[in-house]
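Student: Residue numbers (our numbering): 18 to 112. No residue lacks a Cβ here, since even glycine has one placed at the ideal position from N, Cα and C. All values reported here derive from a predicted model rather than from experimental measurement.
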Amino acid sequence: MKIILLLIIRIYWLVFPQNKRRKCIFKVSCSKHVYQITNESGLSKGFIALKYRYQNCRTGFHIFENHIDGSKMMILPDGQLLQENEIAARFFSYS
Numbered sequence: 018m019k020i021i022l023l024l025i026i027r028i029y030w031l032v033f034p035q036n037k038r039r040k041c042i043f044k045v046s047c048s049k050h051v052y053q054i055t056n057e058s059g060l061s062k063g064f065i066a067l068k069y070r071y072q073n074c075r076t077g078f079h080i081f082e083n084h085i086d087g088s089k090m091m092i093l094p095d096g097q098l099l100q101e102n103e104i105a106a107r108f109f110s111y112s
């Protein structure tokens, strides 16, 4: 079954060119992340990663500056905080 999920992701990569895909808020794209987790840890962990990314890689996130060290952080819809090194670089192009 793990092979089926990996195959679906590979087909997604072939069918939808990278410039046509929805932009991910995470540094590692959602499809790459789910592919890596599934490949390394199996189908159940892959589905958990897919569910997490699906629920959090959407609108409703907020970027803010950490006043202690000046780094950028992102709060996800589920309340989790991402550090600057986990956030896609496109959010910092204005810096």
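Can you tell me whether DSSP reads ILE28 as helix, strand or coil?
Tutor: In the sequence shown, the residue the question calls residue 28 occupies position 11. DSSP places ILE28 in helix when its eight states are reduced to three.
Student: Alpha carbon to alpha carbon, what distance is there between ARG107 and MET90?
Tutor: The residue you call residue 90 lines up with position 73 of the sequence shown. The residue you call residue 107 lines up with position 90 of the sequence shown. In this structure, the CA atom of MET90 is about 14 Å from the CA atom of ARG107.
Student: Just reading off the beta strand (DSSP E) that HIS50 is part of, what are its end residues?
Tutor: Sequence index remark: in the sequence shown, residue 50 carries index 33 (1-based). From DSSP, HIS50 is part of no beta strand (DSSP E) but of the alpha helix (DSSP H) over 47–58.
Student: To the nearest angstrom, how far is it from the Cα of ILE20 to the Cα of PHE33?
Tutor: On the sequence shown, residue 20 is found 3 positions in, with the first residue counted as 1. On the sequence shown, residue 33 is found 16 positions in, with the first residue counted as 1. Spanning the two alpha carbons is a distance of roughly 20 Å.
Student: Under 7 Å Cβ to Cβ from LEU93, same chain only, skipping five residues before and after it: list those, please.
Tutor: Stepping through the sequence shown from its first residue, residue 93 is reached at position 76. If we look at LEU93 and ignore the five residues flanking it on each side, its Cβ neighbours are ASN73, PHE78, LEU99.
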